[in-house]
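The opening position of the sequence shown corresponds to residue 582 in our numbering, with each subsequent residue numbered one higher. Positions of the beta carbon are idealized from the N, C-alpha and C atoms, including for glycine. Since the structure comes first, as structure tokens, the remarks are kept for the end.
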Amino acid sequence: MAVERSKPERYKRIGQLLLDQGLITEKQLEQALEEQKTSGKLLGRILVDMGIVKEENILRVLGARAGVSVAKLGDMKVPKEVIDKIPASVAKIYTIMPIVQEGNVLTLAIADPLNVSAIDDLRFILGMNIKTAIASEEDIKEMIDRYYGAEGETLEDILGVFGEKMEIMPSEGIEDVAALQELASRAPVIKLLNMILLKAVREKSSDIHFEPFEHEYKIRYRVDGVLYEVARPPKNLSLGLASRIKVMANLDIAERRLPQDGRIMVTVEGKDVDLRISTLPTIFGESVVMRVLDRSAMSLSLDEIGISDETKKTLRYLIQKPNGIILATGPTGCGKTTTLYSCLREINKIESKVITTEDPVEYDIKGIIQVPISPKIGLTFATSLRHILRQDPDIIMVGEIRDPETAQIAIQASLTGHLVFSTLHTNDASGSLTRLIDMGIEPFLITSTLVAVFAQRLVRTICKNCKEEYAPEPEILEDLGVSLEEVKTKKFYHGAGCSKCNNTGYKGRTGIFELLVMNEKVRSLLLERAHTAMIKKAAVDTGMKTLLNDGLEKIYGGITTAEEVLREAQTVIL
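Structural data, given as structure tokens:
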């Protein structure tokens, strides 16, 4: 192995190290840091992509900081016995490549040698001492494809092995902690769970469901808001998988009578993935659900979430206001938080202090103070918000207004010169106004502080690979309010179904939105405590595009289908 030895400089940032060595200028660093705010990429990758620094220089500096060698993979030949030490699924999950073995010490090429948790996991999985050498992520992936194959093992391959060796898995009767830990550390269990995670991230799943039933065990992914089954392992795998997940999430492995919540941070194929774990005891074993938060897959930009140009222009103007309240509304899982994050990212400047309080904090945003609430210890949205106001913030985001106390504090924050973002659970934008009144907020306070409310839904987008023209059912078009004249002049599309979309006809999701901007007409009706329908009509008369109208535009644009818009918008069709 060809390596370059460097002196470690662990406590300096990569940008400062590059400056110290004269590889970049202050201006170039500022440009790269500005780009990082919008792209979220690693600083080193940005500098390389901009052509400012060569990749070998970045690796040398990173290796020096971590005190490890720089591995020049190139045409390196790795013996088969070394390759066999790492299963294909593990190599792909952690983006690592075994390159040298000396006794009980295995040297791995890794893109991030400071990822201590991954190295500890590998030491535990392999039962060997691990030594690391830094290499570029692209070179490591190329080596993985060369030695393990572009696809490697599949979930079906691993389950096939289990089908032949089911006797290695014990029954549900284990109570001893040591026995459970031994079960969780078995290579087949680790291998299967790694492959499940790998497949989930590749397919952009939002959740993984491990579901025990009387005579079977199901694993399902939620992709684009819809669940589908991906595997049905032997029933006696449920205890092993649940135990392994608990070990990774630092949960009580022996507690199977009470629900537990936890969190796992993993790197899958070079992507940082945050897994939120929930266990629930059932009569046939523990049901486990993993919420998959893939930071690299999240679009934190108003340009990428489906807002129309006209609405986006208005929203961008509103979020620049120095004070007031902007609310997002819609059911759970409709993308409200993503849109609020996108707004915060646009206005997150060095001259403003931004603080959020969330349950939980889903994504870390650079330059923003984020506070997770914890009702168990009395840290609610209201108490958190009260203390946030003592931190001299300019912009505040409250994860959700759940009670009158939180609403009152948010209003007071707005009246004292803060811009406040939050969410409510109502069907549409106009419903949020009457919801606040129902919570006991006086109409004059709402009209004095509320700037705007946007409602949204997520609809699946048509798979581009199998997109074709079709004729929707007349009943669906009638429910959407599409006239016969419009049917004659418009084209409708759907996905026929292919391997790239799991034969669903859909790939990905986008948002449909309505933005209610407070104006004199709406304020007057609100002061009169008018019905929601009257407020909505006034908003539409003064230019508001409804969820249904936005959905129809996306149907006519060939982005989604009539069935999908009806499914998501039917609760707001008057």
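Other residues of its chain near residue i: CB distance less than 8 Å, five sequence neighbours each side excluded
i, result
"LEU925", "VAL935, THR937, ILE946, ILE949, ILE976, MET978 and PHE1002"
"TYR1074", "ILE1043, LYS1048, GLU1049, GLU1050, TYR1051, GLY1139 and THR1142"
"ILE834", "VAL758, LEU761, GLN762, ALA765, SER824, LYS827 and VAL828"
"GLY596", "ILE605, LEU610, ALA613, LEU614 and LEU624"
Residue i versus residue j: straight-line alpha-carbon distance, rounded
i, j, result
"LYS799", "GLU763", "23 Å"
"HIS1112", "THR1015", "8 Å"
"ALA1114", "GLU792", "42 Å"
"ILE803", "ARG838", "The residue you asked about is not Ile; residue 803 is Arg in the sequence shown. Distance between the alpha carbons of ARG803 and ARG838 is about 26 Å."
"ASP665", "LEU689", "13 Å"
"LEU1108", "ILE1022", "12 Å"
"GLY887", "VAL873", "22 Å"
"LYS785", "LEU778", "10 Å"
"GLN972", "VAL651", "44 Å"
"VAL642", "LEU599", "7 Å"
"MET1146", "LYS661", "The question names Met, but residue 1146 is Val in the sequence shown. Taking the straight line from one Cα to the other gives about 53 Å."
"ASP702", "THR1091", "36 Å"
"GLU1056", "ILE1093", "22 Å"
"ILE715", "ILE789", "32 Å"
"THR895", "TYR922", "17 Å"
"ARG594", "GLY632", "20 Å"
"GLY1086", "GLU1144", "12 Å"
"GLY914", "ALA812", "25 Å"
"ARG1038", "ALA909", "11 Å"
"GLU932", "LEU687", "48 Å"
"GLN965", "VAL952", "With the sequence shown as reference, residue 965 is identified as Ser, and Gln is not the correct amino acid for it. In a straight line, the C-alpha of SER965 is about 8 Å away from that of VAL952."
Cut-off 7 Å between Cβ atoms - residues of its own chain near residue i, not counting five sequence neighbours on either side
i, result
"TYR1137", "LYS1071"
"LYS1081", "CYS1044, ASN1046 and LYS1088"
Neighbour-count burial assignment, residue i, 16 or more Cβ in a 10 Å radius
i, result
"PRO974", "buried"
"LEU774", "buried"
"GLU836", "exposed"
"GLU867", "buried"
"ASP890", "exposed"
"ASN696", "buried"
"ASP693", "buried"
"THR606", "exposed"
"LYS1117", "buried"
"ASP1122", "exposed"
"GLU1149", "buried"
"GLN901", "exposed"
"SER1105", "exposed"
"ILE667", "buried"
"TYR675", "buried"
"ILE958", "exposed"
"ASP884", "exposed"
Proximal residues to residue i (C-beta, below 6 Å), its chain only, five neighbours per side dropped
i, result
"GLY628", "For clarity, residue 628 is Leu in the given sequence; the question names Gly instead. Only ALA613 and VAL634 meet the Cβ criterion."
"ILE907", "PHE1002, VAL1032 and ALA1033"
"ALA1077", "CYS1047 and GLU1049"
"LEU960", "ILE954"
"GLN682", "VAL663"
"THR713", "VAL649, LEU689, ILE691 and PRO694"
"ASP805", "ARG1041, TYR1087 and ARG1090"
Residues bridged to residue i (per DSSP)
i, result
"LYS1048", "GLY1076"
"GLU719", "Its beta-bridge partners do not exist; DSSP assigns none."
"GLY905", "LEU1000"
"ILE800", "PHE791 and ALA812"
Proximity test, Cβ basis, 8 Å: residue i and chain B
i, result
"LYS816", "Considering every chain present, this structure includes no chain B. It has just one protein chain."
- [ ] State whether the region 1023 to 1038 contacts the region 990 to 1000, with contact taken as three or more CB pairs (one from each stretch) at a distance under 8 Å.
- [x] Yes: at least three Cβ pairs fall under 8 Å.
Open item on the list: Closer than 8 Å is the cut-off here; do at least three beta carbon pairs connect the region 1128 to 1137 with the region 1055 to 1069?
Closed with: yes
Task: contact_flag[the region 849 to 857, the region 805 to 823] where n(CB pairs < 8 Å) is 3 or more - done: no
TODO: State whether the region 633 to 651 contacts the region 700 to 710, with contact taken as three or more CB pairs (one from each stretch) at a distance under 8 Å.
DONE: no
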